[in-house]
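To convert, take the position in the sequence shown, counting from 1, and add 1; that gives the working numbering.
Positions of the beta carbon are idealized from the N, C-alpha and C atoms, including for glycine.
If you're wondering where the values come from, they're calculated on a predicted model, not measured in any experiment.
Heads up, the thing below is written out as structure tokens.
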Amino acid sequence: MNHPVRFQIINMRGSFTMASIKPLHLHAILISLLIITSCHEPLGIGGQLYFFPQTCDTLCISNEGRQDYLCFHVEILGKEASHDYALEDQISSWDHWVFGSSILWSIRYTDEVCTSIQITSSERLFGLDPGSDLSRYFSVTGNGVPDELIISSVKDSPKQLIGPFPIIGMTLEEYLSYSPLIAPSMLLFSEPLVVEHLIENNTQFTVTFSFLSGKQLTSTSGLTP
2 MNHPVRFQII
12 NMRGSFTMAS
22 IKPLHLHAIL
32 ISLLIITSCH
42 EPLGIGGQLY
52 FFPQTCDTLC
62 ISNEGRQDYL
72 CFHVEILGKE
82 ASHDYALEDQ
92 ISSWDHWVFG
102 SSILWSIRYT
112 DEVCTSIQIT
122 SSERLFGLDP
132 GSDLSRYFSV
142 TGNGVPDELI
152 ISSVKDSPKQ
162 LIGPFPIIGM
172 TLEEYLSYSP
182 LIAPSMLLFS
192 EPLVVEHLIE
202 NNTQFTVTFS
212 FLSGKQLTST
222 SGLTP
């Protein structure tokens, strides 16, 4: 049975309970945390996180054609937004649990709940006509940036930090099932396909993020080899 799993993190401030995590993701998330902790040494007590909440105003996409798949680097830019101190406390507690103390880095998070991510192509792909939604053939992961976190924002419930993106990725459908505050940066990568002719034909890809507020952000670009 694919029941959610809940676990609790204990830290110096007390405790908090992470949101429900699907078993398919739990293993990948724990692997991500183990790899992160093996790559960093705690700085000792006195480390500091700097939080930068932001609006979602501009979507920047850099598309790469790897040998046998597509990789889209996503960056969302915006203005300064109001702080969510309860959420920031969750992130700080998670950081203490992972590293033993806060590492000196900045954490960006947004104020928009993402409801859909649509990807279209100017060329026929995966057996679908140009302009068809290709999002079912894409997954999302992080790019090694500290603020690439999954934050659930289900209506009428407190925001919950789920954790970092799994290294092996998760489908866009799985990501959107958390009603996430959209991460300000991420990687979108496709299922295997032949990329060379897409670069030769200057195939254009359009990525559209839709938010609960009704706002949409769209970016169109070709592939770079």
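Identity of the residue in GLY145, PHE53, ILE200, LEU213 nearest GLY170 by Cα: The residue with the shortest Cα to Cα distance from GLY170 is GLY145.
For GLN119: DSSP bridge partner residues: Under DSSP, GLN119 shares a beta bridge with THR209.
Cβ-based burial, CYS61 [other Cβ within 10 Å; buried from 16]: exposed
Whether VAL208 touches ILE151 by CB criterion (8 Å): no
Length of the line joining the Cα atoms of PHE166 and TYR176: As the crow flies, the alpha-carbon of PHE166 is around 9 Å from that of TYR176.
Contact check, THR56 vs GLY79, beta carbons under 8 Å: Taking the C-beta atoms as reference points, GLY79 is found nearer than 8 Å to THR56.
Run of the alpha helix (DSSP H) containing TYR176, from where it starts to where it stops: 173-177
GLN68 - DSSP class collapsed to helix/strand/coil: coil
Beta-ladder partner(s) of SER222, from DSSP: PHE206
Under 8 Å between C-beta atoms of VAL186 and ASN64: According to the sequence provided, residue 186 is Ser. The question's Val does not apply to it. Not in contact: SER186 and ASN64 (Cβ atoms no closer than 8 Å).
Status (buried if at least 16 other CB within 10 Å, exposed otherwise) for TYR138: buried
Supposed close pair LEU189, PHE73 - CB separation, criterion 8 Å: 4 Å
Cβ shell of GLU42 (< 7 Å), same chain only, five flanking positions each side left out: Its pLDDT being 36, under 50, GLU42 is placed unreliably by the model, and the measurement read from it follows with that caveat. Same-chain partners within the cutoff: there are none.
Between the CA atoms of ALA82 and SER178 - distance to the nearest angstrom: 25 Å
Beta-carbon spacing of GLN68, VAL155 below 8 Å: One thing to note: GLN68 has its Cβ no nearer than 8 Å to the Cβ of VAL155.
Exposed unless 16 or more other CB atoms sit within 10 angstroms - verdict on THR225: THR225 comes out exposed.
Exposed unless 16 or more other CB atoms sit within 10 angstroms - verdict on HIS26: The pLDDT assigned to HIS26 is 45, lower than 50, so where the model puts this residue is not dependable, and the model offers no usable value.
Chain-order list of residues whose beta-carbon lies under 8 Å from that of LEU173 (same chain, five-residue window excluded): Only ILE118, SER136, ARG137, PHE139, SER140, VAL141, LEU189 meet the Cβ criterion.
Cα-Cα separation between SER16 and PHE212, rounded to whole angstroms: In this prediction, SER16 has a pLDDT of 32, which is less than 50 and means its spatial position is unreliable; what the coordinates show is noted afterwards. Here the C-alpha atom of SER16 lies approximately 31 Å from the C-alpha atom of PHE212.
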